[in-house]
Structures are given as C-alpha cells and as structure tokens.
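Peer 1: Input: one structure, supplied below.
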Amino acid sequence: MGLGSFKFILLGRAANYTKSVIDSMASVPYFEIGAERKKFELVDILQADRLELIWHSGGVYMESTVSNMLATQEQKGVSRCSVHLLTPLRIRRAGKELREVDFPTLIRSITRRVAALTDRYGGHVQADAAAHVCELSNSVHTTSLGLYWSEMSRYSNRRHMKMDLSGLLGAMTFEGEMYHFAPWLYAARCLHIGRNVTFGCGQVDVVFG
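Just so we're aligned: the sequence shown equals residues 1 to 209 in the numbering used here.
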C-alpha cells in the first residue's frame, strides 16, 4: 500500500454535500491512483487549516468542517508582495503559452478563474469590481522577476498518451498599493490559476511584506 495525502476543496453549492462526499470516500475499501494504479487506503480526513479530525475509523466529526469565504482577507498599508509559482503556470495568449508574465496578467487570470468558478458552482462576483481591480493592476511595478520554463508531462489513461503540462516556475516581487489585490491573491492560493488547474497546475503562494 502507498502513503500519501490529498486535498479536496468543495466549491459553492458542493459544500452542502460534505457529509455525502465523506461517506462515499469512506465506503471504498481502497483507491487506485496514477498510471500504475497504486493502491491507497483512506486513513483519516483532516480539516486542512487546523488539522482537526473530520473522519477516522468510521467516526465522522462534522463540527470540524468549516466554510471559508474567499477573497475577503485585507492587507492595509502593505506595499510589497511576492508571488511564488509552486507548480507550472500555463497562461495562453493568441494561441501561445506565455514565457513571462506581469502583475496585470496575474490579476486578469485570477479574476477570470474566480468568475468562472462562481458561475459554475454558485456565488457572485461583481463584474465592476473585477474590472476595476484589473485596471488598478497596471499601476503595480515589478521589482524582481525570477521565472523559468519547466518541461513537465503526465500520462493520460483516458487518451493513452502523454499530456504536455510545461509552464512557468519561480517567483516574482511587486510593489504598489496591495490593499485592492490581497483578497484576489489569497483566493488564488486556494483555487490555482491558468490552464490545467485540475491536474495541479497554477498553484501559487503569496507573501506580503
């Protein structure tokens, strides 16, 4: 048996089915994951932030489950921000993958991602607010840029072929009034951005200072 941990995020209306998702996962003796179909057995389910038990050995502790509102955290008075690309970022423009990105590109990608998810799974994004934050992003300056192109692929059992998941990795630092952008950047940490996010691409971390 293999050992590993996996993170599930229930978006929008799906949060209403938390108990059903837990019961479904717990009812399966083991999972087969990956091209080699390695076996995994469910040991426990934890609340990601506080690491409190939600399920263990048949016991369900629903009081540990929480719902979070994304895009709500503020960072008043902060003028610097670093964005770290943890998994390949894939953003396409005019049919070509971008080999470098700036702050406006990141913010546009984030607002589109949030809008697409709320449209599909429930919630609401003010179009005017999204357009306004995209316009404001043009005033933010890039102070350091350390990106590189990473070649990466995965095997698709459905297509019986390799999929190209190459993209940008590295870190960027920006200066400007971050108050307007902090909620969107925090949301991106949870939702990922760019293309192929369902395969783990576009994971970012954000540090303010």
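Glycine is no exception: its CB is placed at the ideal position from the N, C-alpha and C atoms.
Take L136 and list the residues in its own chain whose beta-carbon comes closer than 7 Å to its own, dropping the five residues that flank it on each side.
Peer 2: For the purposes of this step, residue 136 is taken as residue 136 along the sequence shown, with counting starting at 1. The answer, listed in chain order, is H180.
Peer 1: Have a look at H141 and P29 and give me their C-alpha separation to the nearest angstrom.
Peer 2: For the purposes of this step, residue 141 is taken as the residue at position 141 of the sequence shown. For the purposes of this step, residue 29 is taken as the residue at position 29 of the sequence shown. About 52 Å.
Peer 1: DSSP beta-bridge partners for T142?
Peer 2: Numbered from 1 along the sequence shown, position 142 holds the residue referred to as residue 142. Bridge pairing for T142: F174 [DSSP].
Peer 1: Apart from the five residues just before and just after G200, which ones in its own chain have a Cβ nearer than 6 Å to its Cβ?
Peer 2: Here residue 200 corresponds to residue number 200 of the sequence shown, with the count starting at 1. Excluding positions up to five away in sequence, the list reads T87.
Peer 1: Along the chain, which unbroken stretches of the alpha helix (DSSP H) at least 4 residues long are found entirely within the region 51-121?
Peer 2: For the alpha helix (DSSP H) assignment, the uninterrupted runs of no fewer than 4 residues enclosed by the region 51-121 are, from N- to C-terminal side, 103-121.
Peer 1: I33 bridges to which residues according to DSSP?
Peer 2: One-based indexing of the sequence shown puts residue 33 at position 33. Beta-bridge analysis with DSSP links I33 to K38.
Peer 1: Could you name the residues of the same chain whose beta carbon sits closer than 7 Å to that of A14, not counting the 5 residues immediately before and after it, in chain order?
Peer 2: Taking the first residue of the sequence shown as position 1, residue 14 is located at position 14. Excluding sequence neighbours, A14 sits near Y121.
Peer 1: Thinking C-beta only, is G170 closer than 7 Å to I91?
Peer 2: On the sequence shown, residue 91 is found 91 positions in, with the first residue counted as 1. On the sequence shown, residue 170 is found 170 positions in, with the first residue counted as 1. Result no, Cβ atoms of I91 and G170 do not sit closer than 7 Å.
Peer 1: According to DSSP, simplified to helix, strand and coil, what is R159?
Peer 2: Residue mapping note: residue 159 aligns to position 159 of the sequence shown, counting from 1. The three-state secondary structure of R159, taken from DSSP, is coil.
Peer 1: Would R113 be called buried (16 or more neighbouring beta carbons within 10 Å of its own) or exposed?
Peer 2: Along the sequence shown, read from residue 1 onward, the residue named residue 113 stands at position 113. The residue in question, R113, is buried, as its Cβ has 16 or more Cβ neighbours within 10 Å.
Peer 1: Expressed to the nearest angstrom, what Euclidean distance is found between the alpha-carbon atoms of V133 and L145?
Peer 2: Position 133 of the sequence shown, counted from the start, is the residue given in the question as residue 133. Position 145 of the sequence shown, counted from the start, is the residue given in the question as residue 145. Between the alpha carbons of V133 and L145 lies a distance of about 22 Å.
Peer 1: What span of residues does the beta strand (DSSP E) with L46 cover, start to end?
Peer 2: For the purposes of this step, residue 46 is taken as residue 46 along the sequence shown, with counting starting at 1. L46 -> beta strand (DSSP E) spans 44-46.
Peer 1: If you run the structure through DSSP and keep just helix, strand and coil, what is G167?
Peer 2: For this step, residue 167 is matched to residue 167 along the sequence shown. Note: G167 maps to strand in three-state DSSP.
Peer 1: Identify the continuous alpha helix (DSSP H) that holds V21 and give its terminal residues.
Peer 2: Sequence index remark: in the sequence shown, residue 21 carries index 21 (1-based). Segment 18-26, the alpha helix (DSSP H) holding V21.
Peer 1: Would you identify the three-state DSSP class for F208, choosing helix, strand or coil?
Peer 2: If you number the sequence shown from 1, residue 208 lands on position 208. It is a strand residue.
Peer 1: DSSP puts R154 in a beta bridge; with which residues?
Peer 2: Taking the sequence shown and counting its residues from 1, one reaches residue 154 at position 154. Beta-bridge pairing links R154 to M163.
Peer 1: Looking at L42: is its Cβ nearer than 7 Å to the Cβ of M25?
Peer 2: Here residue 42 refers to the residue found at position 42 of the sequence shown. Here residue 25 refers to the residue found at position 25 of the sequence shown. Cβ atoms of L42 and M25: closer than 7 Å.
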